[in-house]
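Residue numbers (the working numbering): 28 to 238.
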């Protein structure tokens with residue numbers, strides 16, 4: 028796994044491996060390309076199967092070949108790593124309030140949608156999105172212009188994408204998991220005054236506010 032940013036073709040970034048003897052001689056034992064399923068030029072994870080590297084290899088290196096001088100064509104890379112993964116159920120669980128996008132709600136029945144009661148939204152701790160194209164098409168429906176929950180979460184919380192993959196299908200863009208961190212963690216919860224009142228149909232407490 029390599030985290031990358033920029034615009035480039037998959038053949039321009041390769042992973043090479045070698046034994047100590049091959050490295051000392053200045054040769055590599057083989058190479059492979061990464062699968063790039065993210066949205067360029069943003070930061071995303073390039074994926075390559077560990078099983079493709081021979082067990083005899085003792086060293087790896089990244090080789091980036093950028094011969095395009097156009098300013099919009101650039102490559103940024105982090106060192107390669109082997110992720111330690113856990114299931115979404117182990118990370119998110121069934122108790123935390125979750126902001127489930129419209130397109131993924133039925134796919135995550137074990138997660139608890141954040142609550143809405145008495146005109147107050149519960150603060151979600153996570154957001155689960157569909158794939159990139161679904162998120163681009165779906166998010167405007169839920170933003171502040173549409174009166175959706177994104178108008179609240181984007182105002183009150185910082186979203187951090189957690190690296191995630193589909194089991195046994197690492198090269199698929201399944202969607203995304205975001206951790207939502209409040210900008211004001213010490214904010215006091217809303218103090219609600221609840222009750223039941225019977226009013227006449229002609230009752231008018233005040234003029235309607237106008238924007």
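Where a beta carbon is used, it is the ideal one built from N, C-alpha and C, also for glycine. Every value quoted in this text rests on a predicted model; they were computed, and no experiment measured them.
Handout entry: Enclosing alpha helix (DSSP H) for residue 80 [first to last residue]
Key = Segment: none, residue 80 is in no alpha helix (DSSP H) and carries neither H nor E.
Exercise for the section: Specify the secondary structure class of residue 179 as computed by DSSP and reduced to three states. Expected result: Reduced to three states, the DSSP call for residue 179 is helix.
Exercise for the section: Measure the alpha-carbon distance for residue 57 versus residue 206 and round it to whole angstroms. Expected result: If you take the alpha carbons of residue 57 and residue 206, they lie about 38 Å apart.
Exercise for the section: Determine the contact status of residue 198 and residue 64, defining contact as a CB-CB distance below 8 Å. Expected result: yes
Problem - Continuous alpha helix (DSSP H) stretch holding residue 51: start and end - result: 47 to 51
Exercise for the section: Round the Cβ separation of residue 9 and residue 153 to the nearest angstrom and send it over; I've been treating them as touching at under 8 Å. Expected result: Summary: the structure shown does not reach residue 9, with the chain confined to residues 28 through 238, and so no result is reported for it.
Practice task
Specify the secondary structure class of residue 57 as computed by DSSP and reduced to three states.
Solution key: strand
Problem - Completely contained alpha helix (DSSP H) runs for the stretch 82 to 170, where each covers 4 or more residues - result: 115 to 118 and 159 to 169
Handout entry: residue 71, buried or exposed, once every other Cβ within 10 Å from all chains shown has been counted against 16
Key = buried
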